[in-house]
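A.B. asks: As given, the protein sequences belong to chains A and B, one line each in that order.
Position 157, counted from 1, in the first sequence is what the working numbering calls 157; the numbers after and before it change by one each time, with no gaps.
Position 196, counted from 1, in the second sequence is what the working numbering calls 436; the numbers after and before it change by one each time, with no gaps.
Just so it is clear, CB atoms sit at the ideal spot from N, CA and C, and this is done for glycine as well.
Treat the numbers as computed from the prediction; the structure is a model and nothing was measured.
Protein chains: 2
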Amino acid sequence: MQFTSEQRLDDGILEREFTLGEIPGTLWTPESAAPTPLILMAHNNGLPKAQPRLVARARHTASYGYAVATIDAAGCGDRPRSAADEQVRAELRRAMQAGEPVDEIFESLIGPLVEKAVPEWRTTLDALLTLPEIGGPVGYSGWTALGIHLAAVDPRIAAAGFFAGGFVPRAQREEARQVTVPLLLLLQWDDEGNPRQRALDLFDAFGSKEKTLHANLGGHVGTPWFEVEDGGRFYDRHLK
Amino acid sequence: MQFTSEQRLDDGILEREFTLGEIPGTLWTPESAAPTPLILMAHNNGLPKAQPRLVARARHTASYGYAVATIDAAGCGDRPRSAADEQVRAELRRAMQAGEPVDEIFESLIGPLVEKAVPEWRTTLDALLTLPEIGGPVGYSGWTALGIHLAAVDPRIAAAGFFAGGFVPRAQREEARQVTVPLLLLLQWDDEGNPRQRALDLFDAFGSKEKTLHANLGGHVGTPWFEVEDGGRFYDRHLK
Chain A
1 MQFTSEQRLD
11 DGILEREFTL
21 GEIPGTLWTP
31 ESAAPTPLIL
41 MAHNNGLPKA
51 QPRLVARARH
61 TASYGYAVAT
71 IDAAGCGDRP
81 RSAADEQVRA
91 ELRRAMQAGE
101 PVDEIFESLI
111 GPLVEKAVPE
121 WRTTLDALLT
131 LPEIGGPVGY
141 SGWTALGIHL
151 AAVDPRIAAA
161 GFFAGGFVPR
171 AQREEARQVT
181 VPLLLLLQWD
191 DEGNPRQRAL
201 DLFDAFGSKE
211 KTLHANLGGH
221 VGTPWFEVED
231 GGRFYDRHLK
Chain B
241 MQFTSEQRLD
251 DGILEREFTL
261 GEIPGTLWTP
271 ESAAPTPLIL
281 MAHNNGLPKA
291 QPRLVARARH
301 TASYGYAVAT
311 IDAAGCGDRP
321 RSAADEQVRA
331 ELRRAMQAGE
341 PVDEIFESLI
351 GPLVEKAVPE
361 WRTTLDALLT
371 LPEIGGPVGY
381 SGWTALGIHL
391 AAVDPRIAAA
401 GFFAGGFVPR
411 AQREEARQVT
421 VPLLLLLQWD
431 DEGNPRQRAL
441 DLFDAFGSKE
451 KTLHANLGGH
461 VGTPWFEVED
471 GGRFYDRHLK
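1. Taking the continuous alpha helix (DSSP H) assigned at M241(B), which residues delimit it?
2. Near R473(B), what residues of its chain come up, given a Cβ to Cβ distance below 7 Å and the 5 sequence neighbours on each side ignored?
3. Could you have a look at G379(B) and say whether DSSP puts it in helix, strand or coil?
4. Give me the chain A residues within the contact set of E344(B), using Cβ-Cβ distance strictly less than 8 Å, ordered along the chain.
5. Roughly how many angstroms separate the alpha carbons of G193(A) and D250(B), rounded to a whole number?
6. Sorted by chain position, which residues of the same chain lie with C-beta nearer than 7 Å to A411(B)'s C-beta, five sequence neighbours on each side aside?
7. Comparing the C-beta of T452(B) with each C-beta of chain A, is any distance below 8 Å?
8. Kindly indicate if chain A contains any beta-carbon less than 8 Å away from that of A398(B).
9. If you measure from the beta carbon of A215(A) to each beta carbon in chain B, is any gap under 8 Å?
10. Do T29(A) and A62(A) come within 8 Å of each other at the CB atom, strictly closer than that value?
11. Candidates T70(A), M96(A), F163(A) and K240(A): which alpha carbon is nearest T124(A)'s?
12. Tell me E15(A)'s beta-bridge partners as DSSP assigns them.
13. Distance, Cα to Cα, K49(A) vs G77(A)?
14. In chain order, which alpha helix (DSSP H) runs of at least 4 residues are fully inside the stretch 380 to 461 of chain B?
15. Check the Cβ of F466(B) against every Cβ in chain A and list those closer than 9 Å, keeping chain order.
16. Would you call the stretch 83 to 94 of chain A in contact with the stretch 31 to 41 of chain A, where contact means no fewer than 3 C-beta pairs closer than 8 Å?
17. Specify whether the stretch 244 to 258 of chain B and the stretch 218 to 229 of chain A touch according to this definition: at least 3 beta carbon pairs, one from each stretch, less than 8 Å apart.
18. Is the shortest distance between the beta-carbon of D431(B) and the beta-carbons of chain A less than 8 Å?
19. Please classify K240(A) as buried or exposed, where buried requires at least 16 other C-beta atoms within 10 Å of its C-beta.
20. Report the neighbours of K449(B) on chain A: residues whose CB is nearer than 7 Å to its CB, in chain order.
21. What in chain D is Cβ-close to D126(A), meaning under 7 Å?
22. May I ask you to report which of helix, strand or coil DSSP gives L260(B)?
23. Report the three-state DSSP secondary structure of P80(A) (helix, strand or coil).
24. Using a C-beta cutoff of 8 Å, does D230(A) count as contacting chain B?
25. Expressed to the nearest angstrom, what Euclidean distance is found between the alpha-carbon atoms of R198(A) and L183(A)?
26. Give me the Cα-Cα distance between E414(B) and T370(B), rounded to the nearest whole angstrom.
27. Report, in whole angstroms, the separation of the C-beta atoms of L187(A) and A205(A), which I expect to be a contact under 8 Å.
28. Would you say G166(A) and N44(A) are within 8 Å of each other, going by their C-beta atoms?
29. Mind pulling the alpha helix (DSSP H) runs of 4 or more residues that sit fully within the stretch 280 to 310 of chain B?
30. Using beta-carbon positions only, say whether S184(B) and V408(B) come within less than 8 Å of one another.
31. With a threshold of 16 other CB atoms inside 10 Å of the CB of P292(B), please say whether the residue is buried or exposed.
32. Under three-state DSSP, which class holds L125(A)?
33. What residue does the alpha helix (DSSP H) around G232(A) start on, and which one ends it?
34. According to DSSP, is D371(B) helix, strand or coil?
35. When DSSP labels each residue in this structure, what does P112(A) get in the three-state scheme?
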């Protein structure tokens, strides 16, 4: 793990870019004498780690006393894409513009993306946990499909916050019952591209004994800011 | 409004019993130099104001810096019941034990209860707002059907927190679209007596532009304690 740049933000948080082999990542750490818990943060559908809403959320979460890390996993963000991937994405754009059903295209795009991304997130987690400024336990925040697979296969994930606004492949809808950590599912009630009933069914399917759904009126990008604060308190209950 | 008894609780909150004509009530006020906002708190289906879970919630909410008031409105709690009311309640118990449908019995019981209770809550609100220790604005917490009718007819209600675990008569299901204040609806995902879909439909029906649903796994009385704290922050956003 090599740090390639760093900047100290106004509130004392250290923001560092790193690479781990081919994986580019960003790590935010608060000023703290003791090692802090860690939250892995990912965008639904593999959106770039530099996306401003993710960065704002990561910085704010770090200010609550967490190390926060994100990566562009294989095929995600600005990582190179295979010709096959490019073709599926072109087909997705065409189908969306034509108003055609897109579920099967999403399935063929997001399914493999999750399968390839999870090992890189685990490798990153291995490396992060060797840093002296990071202790345990480990939480997860964001991309639902990735987080389901990660929490199902990696027992180090102790609590998970998911945003329902993303496509969840069949494999992860099945796998949801294997997720048993405390979880918070965030739903935008009128999310244009993500049917409400699927999110409610997913919430029902999770195996966790402690699970909470927060739904707010509005479209995909309308999540109210107070949900970041509510998320912080959710992690505080389980990671501190 | 006559105070009939008072006790100072360990955390400095003053708990006073009062009567207002035939209406018995309880008022909790925190130690505060300035007048505080007020939250009216009622139990679903007209359960008694002295019910321990309501009292615990009221005391805790007062500790956040709110005056909290509850009453036994006409026909509710320990207030005298008409022979007709007693008959409907006996029929309800019989039908529940026999496993028969109870919706129409609840309709004939709760519908009139809400109609008769709301004027008494408004009279109580008039009196409470004359007390020097209480300022505005006014929030509402608890019994959904009562709160819908109250918020629809009384513009002094500025924010409402509802608990979905109670029967909502047809008139209030219709009236929900006239409720436009910020609201928080609390749902127990596996509430034995209250179908989940009705609560989701009700959430959808409210006219409020800012509305949030919190759902937690578990049965009717299993609401996690952190929801009282979340409720406190909801009121803080809108009443302070």
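C.D. replies: This is what the structure gives:
1. For M241(B), no alpha helix (DSSP H) encloses it, and the DSSP letter there is neither H nor E.
2. none
3. strand
4. The contacting residues do not exist; E344(B) stays about 28 Å from chain A at best.
5. 52 Å
6. G351
7. yes
8. no
9. yes
10. yes
11. T70(A)
12. Paired residues: Q7(A) and W28(A).
13. Between the alpha carbons of K49(A) and G77(A) lies a distance of about 6 Å.
14. Entirely contained in the stretch 380 to 461 of chain B, the alpha helix (DSSP H) runs reaching 4 residues are, in chain order, 384 to 393, 410 to 415 and 436 to 445.
15. Residues of chain A passing the Cβ test: T212, R233, F234 and R237.
16. no
17. The stretch 244 to 258 of chain B makes no contact with the stretch 218 to 229 of chain A, as fewer than three CB pairs between them are under 8 Å.
18. no
19. exposed
20. L217
21. The structure shown contains no chain D; its protein chains are A and B.
22. L260(B): strand per DSSP, three-state reduction.
23. coil
24. yes
25. 17 Å
26. 33 Å
27. Not confirmed; about 14 Å, so no contact.
28. yes
29. 292 to 302
30. Since the first residue shown for chain B is 241 and the last is 480, residue 184(B) is missing from the structure and cannot be characterised.
31. exposed
32. helix
33. Element bounds for G232(A): F226 to L239.
34. Contrary to the premise, residue 371(B) reads as Leu rather than Asp in this sequence. Three-state DSSP puts L371(B) in coil, outside helix and strand.
35. helix
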